[in-house]
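Chemist: At position 185 of the sequence shown (counting the first as 1) the number is 185 in full-length UniProt numbering, and the numbers step up by one without a gap.
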Amino acid sequence: MRHITFTNLCNFRDVGGYFTKDGRSVRWQRLYRADSLGWLAGDDLTTFRDLGVRAVIDLRHAFEIEKNGRVPETDDLLYQNLPIEGRRWDTATTYNEEIGIERYLANRYLEVTEDGVANLRTALETIARADNAPTVIHCAAGKDRTGVLTALVLSLAGVGEDDVVADYALTGLATDRFIADWSRRHPGTSTWPGFGLAPAEAMRLFLTDLAHRHGSVEAYADQVLGIAQDTIDELRGHLLAEAP
């Protein structure tokens, strides 16, 4: 099941099911992506715990966690707060309508790969360990920061670009509800350009830019993040299954 239904979360998804270039597939129930887990309570918390999640990677800043909470603690849950966004998104000064929202988002995503090196490395090493699965990656909307890290994971696993882009764009199915929930929680506060949007072209531009700058996602992981080949092999070893 790709989409998992919660009352207070709108973008919780299983990242399984995608095929790799060598004919394997990403296993279901190993890696999830989500919006803020700080909203988990009641039946939602029961649903979450039934998934058997062992690790949560929270990509938000400390001030976001202080304001909106974090996943409830349990003794057997590994929780890592690994913010990967260095430059704040000041859309009032950085967004230019002439370049469009797709290029704007792609530029921000490329910044994340520059500013979040240490925490991206830690996150990938955590995801690579089989004993941490199932793992949940999340930020506030499960779109931008989560989208970047998920794209790196899927690319390193060997999933093709079209499927990486398609997975990112599925967030668009949650946009209307996300905006409605956000507006309810922040009455009288206006949104900003690109708020809640996940246009496929933004992810495609980002992946193109990353490849142009570093050669490939694998080269970026090796040369910039310092991810060992053994770690990538470990990640593939537990995330992937042979095709039936």
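Backbone N, C-alpha and C define an ideal beta-carbon position, used for all residues, glycine too.
Remember, it's a predicted structure, so these values are computed and weren't measured experimentally.
To which residues of the same chain is Glu234 closer than 8 Å at the C-beta, ignoring the five residues directly before and after it?
Modeler: Translated into the one-based positions of the sequence shown, residue 234 becomes position 234. Answer for Glu234: Ala128, Arg129 and Ala130, listed in chain order.
Chemist: Can you tell me the Cα-Cα spacing of Arg30 and Val71, whole angstroms?
Modeler: Within the sequence shown, numbered from 1, the residue matching residue 30 stands at position 30. Within the sequence shown, numbered from 1, the residue matching residue 71 stands at position 71. Near 18 Å, if we compare the C-alpha coordinates of Val71 and Arg30.
Chemist: Excluding five sequence neighbours on each side, which residues of the same chain lie with their C-beta closer than 6 Å to the C-beta of Ser36?
Modeler: For the purposes of this step, residue 36 is taken as residue 36 along the sequence shown, with counting starting at 1. If we look at Ser36 and ignore the five residues flanking it on each side, its Cβ neighbours are Asn68 and Ala140.
Chemist: Give the single residue among Thr7, Glu242 and His3 whose Cα lies nearest to the Cα of Asp14.
Modeler: Counting from one through the sequence shown, the residue named residue 14 turns up at place 14. Considering only alpha carbons, the answer is His3.
Chemist: Taking only the alpha-carbon atoms, compute the straight-line gap between Ile179 and Thr146 and give it to the nearest angstrom.
Modeler: Indexing the sequence shown from 1 puts residue 179 at position 179. Indexing the sequence shown from 1 puts residue 146 at position 146. If I take the Cα positions, the gap works out to 17 Å.
Chemist: So is Ser216 buried or exposed if we call it buried at 16+ other beta carbons inside 10 Å?
Modeler: Sequence index remark: in the sequence shown, residue 216 carries index 216 (1-based). Exposed, because fewer than 16 other Cβ atoms sit within 10 Å of the Cβ of Ser216.
Chemist: Taking 7 Å as the limit between beta carbons, can you name the residues of its chain near Gly160, skipping five residues before and five after?
Modeler: Along the sequence shown, one-based indexing puts residue 160 at 160. Cβ within range, chain order: Lys21.
Chemist: So the beta strand (DSSP E) Gln80 belongs to, where does it begin and stop?
Modeler: By 1-based counting over the sequence shown, the position of residue 80 is 80. Here the beta strand (DSSP E) through Gln80 covers Leu78 to Asn81.
Chemist: Just to confirm, is the Cβ distance from Ile84 to Asn107 under 7 Å?
Modeler: Reading the sequence shown from its first residue, position 84 is the one you call residue 84. Reading the sequence shown from its first residue, position 107 is the one you call residue 107. Not a contact, by the Cβ cut-off of 7 Å.
Chemist: State the beta-bridge partners of Tyr26 as determined by DSSP.
Modeler: Here the question's residue 26 lines up with position 26 in the sequence shown. In the sequence as presented, Tyr is not what sits at residue 26; that position holds Val. In DSSP, Val26 forms a bridge with Leu240.
Chemist: With DSSP collapsed to three states, give me the class of His214.
Modeler: To locate residue 214, count along the sequence shown from 1; it is residue 214. DSSP places His214 in helix when its eight states are reduced to three.
Chemist: Can you look up Val224 in the DSSP assignment and give me helix, strand or coil?
Modeler: What you label residue 224 is simply residue 224 of the sequence shown in a count that begins at 1. It is coil, neither helix nor strand.
Chemist: For the candidate residues Leu105, Thr135 and Thr122, whose alpha-carbon lies nearest to that of Asp76?
Modeler: The residue you call residue 76 lines up with position 76 of the sequence shown. Of Leu105, Thr135 and Thr122, the residue nearest in Cα terms is Thr135.
Chemist: Take Thr7 and list the residues in its own chain whose beta-carbon comes closer than 6 Å to its own, dropping the five residues that flank it on each side.
Modeler: Numbered from 1 along the sequence shown, position 7 holds the residue referred to as residue 7. Here the set comprises Asp44.
Chemist: Are the beta-carbon atoms of Tyr95 and Tyr104 separated by less than 7 Å?
Modeler: Mapped onto the sequence shown, residue 95 falls at position 95. Mapped onto the sequence shown, residue 104 falls at position 104. In contact: Tyr95 and Tyr104 (Cβ atoms closer than 7 Å).
Chemist: Within the same chain, show all residues whose beta-carbon is closer than 8 Å to that of Ala221, passing over the 5 residues directly before and after it, in chain order.
Modeler: Along the sequence shown, read from residue 1 onward, the residue named residue 221 stands at position 221. Contacts found: Leu124, Leu152, Leu156, Ile227 and Ile232.
Chemist: For Ile137, which of Glu242, Gly23, Arg33 and Val26 has the nearest alpha-carbon?
Modeler: Looking up residue 137 in the sequence shown gives position 137. The option with the nearest alpha carbon to Ile137 is Arg33.
Chemist: Report all residues from its chain with a CB closer than 8 Å to the CB of Leu9; omit the five preceding and five following residues, and keep chain order.
Modeler: As a first step, residue 9 is located in the sequence shown; it is residue number 9 there, counting from the start. So the list reads Ala34, Asp35, Ser36, Leu37, Trp39, Leu40 and Asp44, once near-sequence residues are dropped.
Chemist: Decide if Thr171 is buried, meaning its Cβ has at least 16 other Cβ atoms within 10 Å, or exposed.
Modeler: In the sequence shown, counting from the first residue as 1, residue 171 sits at position 171. Buried, because 16 or more other Cβ atoms sit within 10 Å of the Cβ of Thr171.
Chemist: Mind reading off the beta-carbon distance from Ala243 to Phe19? Whole number of angstroms is fine, and I expect it under 8 Å.
Modeler: Counting from 1 along the sequence shown, the entry for residue 243 is found at position 243. Counting from 1 along the sequence shown, the entry for residue 19 is found at position 19. Right, the Cβ-Cβ distance comes to about 7 Å (below 8 Å), so this counts as a contact.
Chemist: Report the option in His61, Glu64, Leu239 and Ala62 whose CA atom is closest to the CA atom of Leu154.
Modeler: For this step, residue 154 is matched to residue 154 along the sequence shown. Taking only the C-alpha atoms, the option nearest Leu154 is Leu239.
Chemist: Just the C-alpha distance for Arg88 and Ala241, rounded to the nearest angstrom, thanks.
Modeler: Sequence index remark: in the sequence shown, residue 88 carries index 88 (1-based). Sequence index remark: in the sequence shown, residue 241 carries index 241 (1-based). Distance between the alpha carbons of Arg88 and Ala241: 38 Å.
Chemist: What would DSSP say about Ile232, mapped onto helix, strand or coil?
Modeler: Looking up residue 232 in the sequence shown gives position 232. It is helical.
Chemist: Comparing C-alpha positions only, which one of Glu102, Thr189, Asp144 and Glu114 sits nearest to His214?
Modeler: For the purposes of this step, residue 214 is taken as residue 214 along the sequence shown, with counting starting at 1. Comparing Cα-Cα distances from His214 to each of Glu102, Thr189, Asp144 and Glu114, the minimum goes to Glu114.
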